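Plus 3 on top of the position in the sequence shown (first one is 1) and you've got our numbering.
C-beta atoms are modelled at their ideal positions from N, C-alpha and C, and glycine is treated no differently.
On a predicted model such as this, the values are computed, not experimentally measured, just so you know.
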Amino acid sequence: MDYEAKAREILNSMTLAEKIGQMCLGFISNENLNEMLEAIRQGKYGAYLTYADFSDKKDMHDKIMQASRESRTGIPVLYGKDVIHGHFTVFPIGLGMAAGFNPEFAEKVFSFIAEEASSEGIFWTFSPMIDVARDPRWGRIAEGFGEDTYLTSRMAEAAVWGLQGRDPEALGKQEKILACPKHFIGYGAVEGGRDANTAEISQHTLMNVYFPPFLAAMKAGAGSIMSGYHDINGEPVSASYNILTHMIKELGGLDGFIVSDFGTTAHLLKYRYAEDERQAVDITVNNGMDMDMCSSLFTKHLEKLVEEGKIPVGRIDDAVLRILKTKLRLDLWNRKVGPLKDKGQFKLSDEAKSLSVEAARQASVLLMNKDSALPLSKDIKKLYVAGPYVHARREYFGCWCLDGVSHVIEPVIDILKRKLENVEIRHLDYFMSELILSSEDYIDTVIYFGGEAPERSGERNNITNLRLPEGQEEQIISLANRGKKVILVVVAGRPLSLARVIPYVYAILYVFHPGTGGPEAIAQILTGEAEPGGRMPVTVPVSEGQIPLYYNSIQVRSDRPEHLKYNDMTEKPLYCFGYGLTYTDFKVSDIKVDRNEIRKNESVRVTVNVENTGTRSGEAVIQCYINDCVSSLLRPCKELKGFKRVTLDKGESKIVEFTLGKEELGFFNHKGEFIVEPGSFRVFVGLDCENTIDTCFVVTD
Ligand code: GLC
């Protein structure tokens, strides 16, 4: 279909009021339901969102869609929801998906998510969240794919392809839904980790750290982009011409539309960026915003501003064309809106179970394993389990989970009892610990299931202290001081600093809120049925005093050893980006390039030999980094430019190959051109960002 022509045909039949209606996303609640149904019938809204349950009104979304079909234009309304990392079946939070370093798998997960969401008439999700984040104090680090631009870019395109389909025509299928990568741009750099705060980001860093994931998402076909709450470089991002029109539409080439974050138009008054509501709308629309989320100001002021000539009709037509083309790509006119399901009757299908358990396994990072404490020894006869996550269910969902069904989750203690039927497993309830632990019962192993509640991360949930939540360290240390072998499982929404408990524990399994499959995956890893599949998508600091601390910095201490340090603490991380142990060992050797010299528009092939030198089969995540040795703009000491998961039997070896070309070697210069500069490049390959071997090659003109 020629979406442009068809959209223009519809546009030409619309009144100004109807065009403006399409630019408004309304908020529906149980309280305003009837009023909104009538407003949608009058063509006043082109989209809506709701956090309401409507469990007692199962066909409500069909009724709302019908109301839009009864409007004069009959343009269907678009129902958007935050199905960020799962609908009924919940998958790991962004950090957990990124820990898998597995975009191919992530694409399958997001495709599954789209199917579950579309079954209830949700044809637009405000996902993926692709804000690169280097500050674990910021609550929303949980939602994104971590600190690395390349990993976030690969995950961004995987999520868009999963949600929308790779073929542009696929978006019209009933089981596909519109993606909305967010929050453009630089949200992860808010000062102090305080959500929605100011972020000062140079254009160079904006283009080379924060822009590439959105560019990848738009190249993957993302039909909408959401701008953020925050401000950068003196401008609110949701009202900046440079950001909305220049970066998203001109540089990014967005063919779809930009939607604001919730109420950002109205927030311009608080920003002292607009005198009044009218000026807020004037600035926002003229600078490139296409759809307003829930401020109601477009509905109130836009028509008059256009009639007064303050906003050209052409700008309105551009916005509405973008929205209509996207609705046509979605084939919204022919979509079926299914009734809400009864969550109480929800059962996990085999596909949902295996997908969610595998995703959770890949969200689990083994950080420490002294004396091979894991997997649990077959000789164990008695085992304590302790900590807040022993009986947890919905807590495994993490932040931003509106429809997750928790009754399908079996607490980890019950799963362990099933898997370790000859082991006496006792729950160490802390009110009884003195009695149990001092008894003559000889129990030598305790698994402490600690970590953060979902509410401790996510939107607005910022913290200043990266240690385990109050009381957990003391419990862990008290167990160790009684001679128990403590195995620590941490379930969290951010990298927490475990420095204080490391001397007291034998093993640490770090699990980024893993979702529905969490307890089963954790139990499989603890018993050795499966191995931990994750690698750190973020740097783990020793202390918040080191923040910001990320691997791909421009300078490293060896550049200026007497400067780039602290007098009271190491400048090194507790665990570095890309780190994660398995139940076997791997050796990376024999790095080679197929050519020592390539021209700017050519590629070089890098190979290494990977050997499983351990005692059981396992998966390695081989990572490839580069350093542009001399460049006209300062480049990071190391930049991830490739990664591959490879499974090897014990003793098995395999050659792993990476191709480095313009996409990997280039960077944006101050003119916004993406260039590859001639000169030497060093390429590093290894099992994390520090444990690498390297060689070099030269790029010539
Ligand atoms: C929220 C979030 C955004 C979300 C939107 C709609 O405040 O910032 O990520 O998609 O509003 O719920």
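Just how far apart, CA to CA, sit residue i and residue j?
{"i": "D59", "j": "N37", "result": "15 Å"}
{"i": "P544", "j": "N211", "result": "24 Å"}
{"i": "M285", "j": "Q45", "result": "Note that residue 285 is Asp in the sequence shown here, rather than Met. For D285 and Q45, the distance between alpha carbons rounds to 24 Å."}
{"i": "E278", "j": "L272", "result": "7 Å"}
{"i": "L52", "j": "I125", "result": "9 Å"}
{"i": "V493", "j": "G531", "result": "18 Å"}
{"i": "N289", "j": "V240", "result": "14 Å"}
{"i": "I251", "j": "D295", "result": "16 Å"}
{"i": "I630", "j": "R685", "result": "For the sequence presented, residue 630 should be read as Asn rather than Ile. Using only the alpha carbons, I get a separation of about 5 Å."}
{"i": "L377", "j": "L369", "result": "9 Å"}
{"i": "F687", "j": "E280", "result": "53 Å"}
{"i": "G689", "j": "K647", "result": "11 Å"}
{"i": "G291", "j": "N200", "result": "22 Å"}
{"i": "V705", "j": "F94", "result": "It is not possible to answer for residue 705, since the shown part of the chain is limited to 4 through 704."}
{"i": "L491", "j": "I188", "result": "36 Å"}
{"i": "Y244", "j": "H186", "result": "16 Å"}
{"i": "H410", "j": "D345", "result": "13 Å"}
{"i": "L584", "j": "Y513", "result": "11 Å"}
According to DSSP, is residue i helix, strand or coil?
{"i": "T616", "result": "coil"}
{"i": "F670", "result": "strand"}
{"i": "W164", "result": "helix"}
{"i": "S460", "result": "coil"}
{"i": "H207", "result": "helix"}
{"i": "A389", "result": "strand"}
{"i": "Y628", "result": "strand"}
{"i": "F661", "result": "strand"}
{"i": "F301", "result": "helix"}
{"i": "D691", "result": "coil"}
{"i": "S683", "result": "strand"}
{"i": "R563", "result": "coil"}
{"i": "P106", "result": "helix"}
{"i": "H249", "result": "helix"}
{"i": "F452", "result": "strand"}
{"i": "I446", "result": "coil"}
{"i": "Y554", "result": "coil"}
{"i": "M572", "result": "coil"}
{"i": "T703", "result": "strand"}
{"i": "R396", "result": "coil"}
{"i": "Y582", "result": "coil"}
{"i": "I31", "result": "strand"}
{"i": "M292", "result": "coil"}
From this set, the options, which residue's C-alpha is nearest residue i's C-alpha?
{"i": "F265", "options": "E123, I696, G231 and D151", "result": "G231"}
{"i": "K420", "options": "A483, A526 and D334", "result": "A526"}
{"i": "M17", "options": "D593, Q475 and V316", "result": "V316"}
{"i": "L651", "options": "E605, Y586, P681 and E693", "result": "Y586"}
{"i": "V591", "options": "T695, S71 and A456", "result": "T695"}
{"i": "V393", "options": "T448, F452 and E427", "result": "F452"}
{"i": "G256", "options": "T267, N465 and G224", "result": "G224"}
{"i": "F91", "options": "K665, A136 and D406", "result": "D406"}
{"i": "L643", "options": "H430, D374, D151 and E600", "result": "D151"}
{"i": "K179", "options": "E160, A120 and A219", "result": "A120"}
{"i": "A355", "options": "Q626, G89 and E660", "result": "G89"}
{"i": "G29", "options": "L19, Y54 and L14", "result": "Y54"}
{"i": "N672", "options": "T208, I314, H270 and V323", "result": "T208"}
{"i": "T448", "options": "V388, E413 and R72", "result": "V388"}
{"i": "K385", "options": "N425, A395, N372 and I416", "result": "N425"}
{"i": "I235", "options": "H304, Y213 and L254", "result": "Y213"}
{"i": "D65", "options": "M132, N337, E203 and I87", "result": "N337"}
{"i": "Y578", "options": "D571, P498 and P535", "result": "P498"}
For the ligand ADP, is there any heavy atom lying closer than 7 Å to the beta carbon of residue i?
{"i": "V609", "result": "The model depicted lacks the ligand ADP and carries the ligand GLC instead."}
Counting only beta-carbon atoms, is residue i nearer than 8 Å to chain B?
{"i": "E667", "result": "Looking for chain B here will not work: only one protein chain is present."}
Between the region 635-642 and the region 162-176, do at least 3 Cβ pairs fall closer than 8 Å? no
Would you list the residues whose beta-carbon is nearer than 7 Å to any heavy atom of the ligand GLC, in the order they occur in the chain? L52, D85, F129, M132, K185, H186, M229, Y232, D264, F265, M296 and E462
Pair every Cβ in the region 455-473 with every Cβ in the region 398-417, then say whether three or more of these pairs are closer than 8 Å. yes
Is the region 513-527 touching the region 362-382 in the sense that three or more CB pairs, one from each, lie closer than 8 Å? yes
Any chance the region 471-486 sits against the region 146-163, with 3 or more Cβ pairs inside 8 Å? no
Do three or more CB pairs link the region 501-519 to the region 340-350 at distances below 8 Å? no
How about the region 512-519 and the region 588-603: do they share at least three Cβ pairs that are nearer than 8 Å? no
Three CB pairs or more closer than 8 Å across the region 655-671 and the region 615-633: yes
Would you call the region 336-347 and the region 478-492 in contact, with 3 or more CB pairs under 8 Å? no
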